[in-house]
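2 protein chains.
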Amino acid sequence: MTKTEAARGDILAALAEVFRAHGYEGATLALISEATGFGKGSLYNFFPDGKEQMAAEVLASIDRWFVDNIYTPLRTASDPAKGIAAMYAATDAYFRSGQRVCLVGVVALGASRDIFAAKVKTYFVGWVDALAAALRRLGDERGAARRKAEHAVLEIQGALVIARALDDSKVFSRALAESQKRLVKR
Amino acid sequence: MTKTEAARGDILAALAEVFRAHGYEGATLALISEATGFGKGSLYNFFPDGKEQMAAEVLASIDRWFVDNIYTPLRTASDPAKGIAAMYAATDAYFRSGQRVCLVGVVALGASRDIFAAKVKTYFVGWVDALAAALRRLGDERGAARRKAEHAVLEIQGALVIARALDDSKVFSRALAESQKRLVKR
DNA sequence: GTCTATAAAGCGATAGAC
DNA sequence: GTCTATCGCTTTATAGAC
Numbered sequence: 056m057t058k059t060e061a062a063r064g065d066i067l068a069a070l071a072e073v074f075r076a077h078g079y080e081g082a083t084l085a086l087i088s089e090a091t092g093f094g095k096g097s098l099y100n101f102f103p104d105g106k107e108q109m110a111a112e113v114l115a116s117i118d119r120w121f122v123d124n125i126y127t128p129l130r131t132a133s134d135p136a137k138g139i140a141a142m143y144a145a146t147d148a149y150f151r152s153g154q155r156v157c158l159v160g161v162v163a164l165g166a167s168r169d170i171f172a173a174k175v176k177t178y179f180v181g182w183v184d185a186l187a188a189a190l191r192r193l194g195d196e197r198g199a200a201r202r203k204a205e206h207a208v209l210e211i212q213g214a215l216v217i218a219r220a221l222d223d224s225k226v227f228s229r230a231l232a233e234s235q236k237r238l239v240k241r
Numbered sequence: 056m057t058k059t060e061a062a063r064g065d066i067l068a069a070l071a072e073v074f075r076a077h078g079y080e081g082a083t084l085a086l087i088s089e090a091t092g093f094g095k096g097s098l099y100n101f102f103p104d105g106k107e108q109m110a111a112e113v114l115a116s117i118d119r120w121f122v123d124n125i126y127t128p129l130r131t132a133s134d135p136a137k138g139i140a141a142m143y144a145a146t147d148a149y150f151r152s153g154q155r156v157c158l159v160g161v162v163a164l165g166a167s168r169d170i171f172a173a174k175v176k177t178y179f180v181g182w183v184d185a186l187a188a189a190l191r192r193l194g195d196e197r198g199a200a201r202r203k204a205e206h207a208v209l210e211i212q213g214a215l216v217i218a219r220a221l222d223d224s225k226v227f228s229r230a231l232a233e234s235q236k237r238l239v240k241r
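Here the protein sequences come in this chain order: E and F.
So this note's numbering is basically just the index in the first sequence, starting at one, shifted up by 55.
So this note's numbering is basically just the index in the second sequence, starting at one, shifted up by 55.
Shown next as structure tokens:
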């Protein structure tokens, strides 16, 4: 990785936090400028197409992170059950036990969904598919694996909403633990 | 109900749709003016404190609707199982099989959560409590009823995210049906 | 009560100096 | 590359005519 590529990664990480905290509509260039430490001129040098490009690249970088750190390990783990356990652990860490919101989920619920529909779909389909593959390796039939995987991802997104709404991170970690237990057991 | 109270109800309904579609930050007075059919001057005559008051009253009206049409029936149904079935049916109808988003959930995930934290909490606590009361009447022990109720509400919110993300309303209705089955059975 | 006109501030985006 | 200055537009909110 070159030096400028690494710097771009740092900028995308800061951008992601701003979009997470304020949503696409609420993330102003003033907030972005403050969070990244770059003036507007520099930001438009990095992202000629402005805010939309920033969000698109952030979503792409999040998807990349999940592919590398969650989906691929889930598919290639020698023990699928351990792979699933690692997924839940990584998910709890990534979302800071529910104190950090899922930007892709926020975009899915918001008005900007139409602009980023393809990226939103890719993210969730990737998650469901990788989890379903692990469940099949655990012996589940194709349809059951898909259905259970979709439901587990749904539970994670729901847990983020409820944890934020009740302002209680224990709700999130508990929901994840129960989801995992349910997934491996039945 | 007086004539002006009914008119205010109509305005709040139109306001709710705008906030649902664009979020708190994205709901501009221009959009609100178009949706309600009132000029900005009239809007500030109805809501002297502007956008924040509009959203606060919308959230209050949503909570009132859920108390009247979901929480209270859930508590007073002669058959708790039928009360729960009615809740799921009303929920599916209210959210238009997942094509309509939950404004309270959207607010919970967004930056405006801090402003409306109390109202968000009231809404979800009211739902969980009412559902837990029905489950207790079905024979569940106190802790189990609470835990299962919280999980069911979590599933509804998660289903809204996934249905919007995958752009598939079948996902929502199917998730609700499975949630209901799971809740009454075990 | 409802409107139009307008204020004051903030918005995304661009130009141009360095 | 990064900045400051600025454009043109939109934002929330207010004032005042009717």
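Note that beta-carbon positions come from the ideal geometry of N, C-alpha and C, so glycine has one too.
| query | Just checking my contact of F/W182 with F/Y99 at CB under 8 Å: how many whole Å lie between their CB atoms? | reply | Taking the second sequence and counting its residues from 1, one reaches residue 182 of chain F at position 127. Taking the second sequence and counting its residues from 1, one reaches residue 99 of chain F at position 44. Going by Cβ atoms, the distance from F/W182 to F/Y99 rounds to 33 Å, so no, they are not a contact pair.
| Which residues mark the beginning and the end of the alpha helix (DSSP H) in which E/A166 is found? | Mapped onto the first sequence, residue 166 of chain E falls at position 111. Element bounds for E/A166: n/a, residue is neither H nor E.
| task | Give me the Cα-Cα distance between F/A172 and E/R192, rounded to the nearest whole angstrom. | result | Position 117 of the second sequence, counting from 1, holds the residue named residue 172 of chain F. Position 137 of the first sequence, counting from 1, holds the residue named residue 192 of chain E. Rounded to the nearest angstrom, the two C-alpha atoms are 43 Å apart.
| query | What residue range is occupied by the uninterrupted alpha helix (DSSP H) comprising E/G64? | reply | Numbered from 1 along the first sequence, position 9 holds the residue referred to as residue 64 of chain E. Per DSSP, E/G64 belongs to the alpha helix (DSSP H) from K58 to G81.
| task | Kindly give me the distance between the Cβ atoms of F/I139 and F/V208, rounded to whole angstroms, as I take these residues to be in contact under 8 Å. | result | The residue labelled residue 139 of chain F in the question sits at position 84 within the second sequence. The residue labelled residue 208 of chain F in the question sits at position 153 within the second sequence. Not quite, the Cβ-Cβ distance comes to about 12 Å (not below 8 Å), so this is no contact.
| query | Given F/E72, which residues of its chain have a CB within under 6 Å of its CB, disregarding the five upstream and five downstream residues? | reply | Taking the first residue of the second sequence as position 1, residue 72 of chain F is located at position 17. Closer than 6 Å at Cβ, skipping near neighbours: no residue.
| said: Could you check whether the Cβ of E/V253 sits closer than 8 Å to any Cβ belonging to chain F? | reply: Coverage of chain E is limited to positions 56 through 241, which leaves residue 253 of chain E absent and any answer about it impossible.
| message | Between which two residues does the alpha helix (DSSP H) holding F/N100 run? | response | Counting from 1 along the second sequence, the entry for residue 100 of chain F is found at position 45. It spans K95 to F101 - the alpha helix (DSSP H) in which F/N100 sits, taken as one unbroken run.
| request: Using beta-carbon positions only, say whether F/A220 and F/A230 come within less than 8 Å of one another. | output: If you number the second sequence from 1, residue 220 of chain F lands on position 165. If you number the second sequence from 1, residue 230 of chain F lands on position 175. Not a contact, by the Cβ cut-off of 8 Å.
| task | Within 10 angstroms of the Cβ of F/P135, are there 16 or more other Cβ atoms? Answer buried if so, exposed if not. | result | For the purposes of this step, residue 135 of chain F is taken as residue 80 along the second sequence, with counting starting at 1. Buried, since its Cβ has 16 or more Cβ neighbours within 10 Å.
| request: Just confirm the distance between the C-beta atoms of E/V226 and E/A232, as a whole number of angstroms; I'd bet it's less than 8 Å. | output: By 1-based counting over the first sequence, the position of residue 226 of chain E is 171. By 1-based counting over the first sequence, the position of residue 232 of chain E is 177. 11 Å between Cβ atoms; not a contact.
| Using the beta-carbon of each residue, which ones in chain E are nearer than 9 Å to F/R168? | In the second sequence, the residue the question calls residue 168 of chain F occupies position 113. Near F/R168 (Cβ distances below 9 Å), the residues of chain E are R219, A220 and D222.
| Interface residues of chain F facing E/V156 [CB-CB closer than 7 Å] | Locating residue 156 of chain E in the first sequence gives position 101, counting from the first residue. Those are L164, listed as they occur along chain F.
| Neighbourhood of F/E205 by C-beta, 6 Å cutoff - its chain only, sequence neighbours within 5 removed | Mapped onto the second sequence, residue 205 of chain F falls at position 150. Within the same chain, F/E205 has close Cβ partners V183.
| task | In angstroms with no decimal places, state the Cα-to-Cα distance between E/S152 and F/G94. | result | Position 97 of the first sequence, counted from the first residue, corresponds to residue 152 of chain E. Position 39 of the second sequence, counted from the first residue, corresponds to residue 94 of chain F. Those two C-alpha atoms are separated by around 44 Å.
| said: Could you compute how far the alpha carbon of F/I117 sits from the alpha carbon of F/Y149? | reply: Looking up residue 117 of chain F in the second sequence gives position 62. Looking up residue 149 of chain F in the second sequence gives position 94. About 11 Å.
| message | Below 7 Å on C-beta distance, what does E/Q212 contact in chain F? | response | As a first step, residue 212 of chain E is located in the first sequence; it is residue number 157 there, counting from the start. The answer, in chain order, is G213, V216 and I217.
| Contacts of F/L238 in chain E (Cβ-Cβ under 9 Å) | Within the second sequence, numbered from 1, the residue matching residue 238 of chain F stands at position 183. By Cβ distance, chain E contributes nothing, its closest Cβ being about 14 Å from F/L238, past 9 Å.
| said: Could you check whether the region 67–87 of chain F touches the region 156–166 of chain E, counting it as contact only if at least three pairs of C-beta atoms, one from each stretch, sit closer than 8 Å? | reply: yes
| query | Closer than 7 Å, Cβ to any Cβ of chain E: which residues of the region 75–88 of chain F, in chain order? | reply | A76, H77, G78, E80 and G81
| Along the chain, where does the alpha helix (DSSP H) that runs through E/I139 open and close? | Locating residue 139 of chain E in the first sequence gives position 84, where the first residue counts as 1. Residues P135 to Y149.
| said: Give me, in chain order, the residues of the same chain whose beta-carbon lies closer than 7 Å to that of E/P128; leave out the 5 immediate sequence neighbours on both sides. | reply: Position 73 of the first sequence, counted from the first residue, corresponds to residue 128 of chain E. The answer, listed in chain order, is G138 and A141.
| said: Would E/G160 and F/V216 be called neighbours here (beta carbons separated by less than 8 Å)? | reply: Counted from its first residue, the first sequence places residue 160 of chain E at position 105. Counted from its first residue, the second sequence places residue 216 of chain F at position 161. The answer is yes: Cβ separation under 8 Å.
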